[in-house]
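> Here the sequence shown stands for residues 1 to 242, where the numbers follow UniProt numbering.
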Amino acid sequence: MICAQGPVDASIDSFWMMVVEQNCGVIVQLCENQEEGREKCADYLPNEPAQFGDVTVTIREPSCVTVADPSVRRTLLEASLSNGKSLEFSHFKVIHLLYDGWPDRDVPLSPAAFRQLRTTVHKIAAARRCTVLIHCSAGIGRTGTFAAIEMAYRDLIANDREVQMSTIFQRLRDQRALAIQTDLQYVFLHRAIIDLALDKGRLNRSDKANGVDLFLNEYETLVQRKRKARRELEQRHRRKRE
1 MICAQGPVDA
11 SIDSFWMMVV
21 EQNCGVIVQL
31 CENQEEGREK
41 CADYLPNEPA
51 QFGDVTVTIR
61 EPSCVTVADP
71 SVRRTLLEAS
81 LSNGKSLEFS
91 HFKVIHLLYD
101 GWPDRDVPLS
111 PAAFRQLRTT
121 VHKIAAARRC
131 TVLIHCSAGI
141 GRTGTFAAIE
151 MAYRDLIAND
161 REVQMSTIFQ
171 RLRDQRALAI
181 QTDLQYVFLH
191 RAIIDLALDK
201 GRLNRSDKAN
211 GVDLFLNEYE
221 TLVQRKRKAR
231 RELEQRHRRK
241 RE
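Given below as structure tokens:
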């Protein structure tokens with residue numbers, strides 16, 4: 001997995017070169033190009049065949065909402081290298097998934113939809129034996145949280161290791177400064193791992209002793225409280241500007 005910033009106009013050429021050089025057969029975009037009137041990411045998906053430095057990008061299947069999740073838009077592209085370099089993966093298909101269900105500095109609106117996105121990404125990557133490239137805007141909040149979930153899943157569930165979540169968080173930040181931007185995103189990391197543990201049979205929701213239901217209920221309460229406080233703060237700022 002590669003974590004990246006959302007490309008800006010000046011870095012689109014380098015972005016596509018990285019896609020080709022690193023065999024990034026799946027690109028997961030966790031932000032909209034524009035959010036709340038602010039540019040979060042340059043539009044790097046061309047409507048017509050376009051040249052980005054030494055890489056030619058062509059859309060083979062236009063963007064469409066996926067059947068499994070309406071918050072995910074899928075685009076199939078072809079990227080080809082035209083500078084004569086000898087690369088194993090110089091001409092290949094790229095699946096782009098844009099997930100619009102995760103607001104900036106927040107958590108996914110639907111944990112179930114996020115879980116479906118993650119499952120889709122893993123299935124595609126496994127089938128194609130390719131690298132997954134994930135980005136949002138700054139590449140640390142939503143992207144960092146996604147990366148932490150993968151690290152935690154690998155240690156705690158796939159390899160059955162006893163590792164503190166704080167250790168995973170620190171290990172992530174050692175590799176990517178400021179990854180996981182908010183306390184709510186850190187709590188969602190726990191929520192996502194609980195969901196995956198339930199899915200894999202590592203936790204039993206009917207066992208009241210493990211406190212799963214209590215945590216999930218408190219998580220929802222916390223999310224609603226945080227979002228309400230944020231809306232009220234934004235309203236106060238707007239009134240001051242007026």
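Every residue gets a Cβ at the ideal spot worked out from N, C-alpha and C, and that includes glycine.
Does DSSP put Q51 in a helix, in a strand, or in coil?
Counting from one through the sequence shown, the residue named residue 51 turns up at place 51. Three-state result, Q51: strand.
> Determine which residues share a DSSP beta bridge with A4 and list them.
As a working note, residue 4 is residue 4 in the sequence shown. According to DSSP, which records beta bridges pairwise, A4 is partnered with H135.
> Could you tell me the distance, in whole angstroms, from the CA atom of A148 to the CA atom of G53?
As a first step, residue 148 must be located in the sequence shown, where it is residue number 148. As a first step, residue 53 must be located in the sequence shown, where it is residue number 53. A148 and G53: Cα-Cα distance of roughly 32 Å.
> Cβ of F188 within 9 Å of Cβ of P111?
By one-based count along the sequence shown, residue 188 stands at place 188. By one-based count along the sequence shown, residue 111 stands at place 111. A contact, by the Cβ cut-off of 9 Å.
> DSSP three-state label for S63, please.
To locate residue 63, count along the sequence shown from 1; it is residue 63. In the structure shown, S63 adopts extended strand secondary structure according to DSSP, grouped into three states.
> Pull up the distance between the alpha-carbon of L222 and that of I95, whole angstroms please.
To locate residue 222, count along the sequence shown from 1; it is residue 222. To locate residue 95, count along the sequence shown from 1; it is residue 95. Computed Cα separation, rounded: 35 Å.
> For L97, which of helix, strand or coil comes out of DSSP?
What you label residue 97 is simply residue 97 of the sequence shown in a count that begins at 1. Strand at L97.
> According to DSSP, V72 sits in a beta bridge with which residue or residues?
As a position in the sequence shown, residue 72 is number 72, starting the count at 1. DSSP, once it has assigned bridges, lists Y99 as partnering V72.
> Pop quiz: L81 and V57 are said to be a contact at Cβ under 8 Å. What is the actual Cβ separation, rounded to whole angstroms?
Here residue 81 refers to the residue found at position 81 when the sequence shown is read from its first residue. Here residue 57 refers to the residue found at position 57 when the sequence shown is read from its first residue. About 11 Å separates the CB atoms of L81 and V57; that is not less than 8 Å, and the two are not in contact.
> If you check the beta carbons only, do A42 and I12 fall under 9 Å apart?
Stepping through the sequence shown from its first residue, residue 42 is reached at position 42. Stepping through the sequence shown from its first residue, residue 12 is reached at position 12. Going by C-beta atoms, A42 is nearer than 9 Å to I12.
> Compare the Cα-Cα distances from R231 to each of S137, S206, E36 and report the closest residue.
Numbered from 1 along the sequence shown, position 231 holds the residue referred to as residue 231. Among S137, S206, E36, the Cα nearest to that of R231 belongs to E36.
> Would a C-beta distance cut-off of 9 Å place C136 and K208 closer than the cut-off?
Here residue 136 corresponds to residue number 136 of the sequence shown, with the count starting at 1. Here residue 208 corresponds to residue number 208 of the sequence shown, with the count starting at 1. Their beta carbons are not under 9 Å apart, which means C136 does not touch K208 by this criterion.
> Out of A138, I168, F215, which one is the CA nearest neighbour of E32?
The sequence position of residue 32 within the sequence shown is 32, counting from 1. Measuring from the Cα of E32, the nearest candidate turns out to be A138.
> Going by beta carbon distance, what residues of the same chain come within less than 6 Å of F146, once the five residues before and after it are set aside?
Start at 1 with the first residue of the sequence shown, and residue 146 comes out as number 146. Closer than 6 Å at the Cβ level, and outside the excluded window around F146, lie I134.
> Distance check for Y219 and I124, CA to CA, integer angstroms please.
Taking the first residue of the sequence shown as position 1, residue 124 is located at position 124. Taking the first residue of the sequence shown as position 1, residue 219 is located at position 219. When rounded, the distance between both Cα atoms is 30 Å.
> At which residues does the alpha helix (DSSP H) containing Q235 begin and terminate?
Against the sequence shown, residue 235 aligns to sequence position 235. From DSSP, the alpha helix (DSSP H) with Q235 extends over 212-241.
> Taking the C-alpha atoms as reference points, what is the distance between D160 and K200?
Against the sequence shown, residue 160 aligns to sequence position 160. Against the sequence shown, residue 200 aligns to sequence position 200. Near 12 Å, if we compare the C-alpha coordinates of K200 and D160.
> Please report the distance separating the alpha-carbon of L109 from that of R205.
Here residue 109 refers to the residue found at position 109 of the sequence shown. Here residue 205 refers to the residue found at position 205 of the sequence shown. Roughly 22 Å separates the two Cα atoms.
> Within 10 angstroms of its Cβ, does D9 collect 16 or more other Cβ (buried), or is it exposed?
Taking the sequence shown and counting its residues from 1, the one referred to as residue 9 is at position 9. D9 should be labelled exposed.
> Between the Cα of L198 and the Cα atoms of F169, L216, Q175, R171, which residue gives the shortest distance?
Within the sequence shown, numbered from 1, the residue matching residue 198 stands at position 198. Looking at the Cα atoms, L216 is the closest of the given residues.
> Taking only the alpha-carbon atoms, compute the straight-line gap between L97 and Q22 and give it to the nearest angstrom.
Residue mapping note: residue 97 aligns to position 97 of the sequence shown, counting from 1. Residue mapping note: residue 22 aligns to position 22 of the sequence shown, counting from 1. The straight-line gap from Cα to Cα measures roughly 18 Å.
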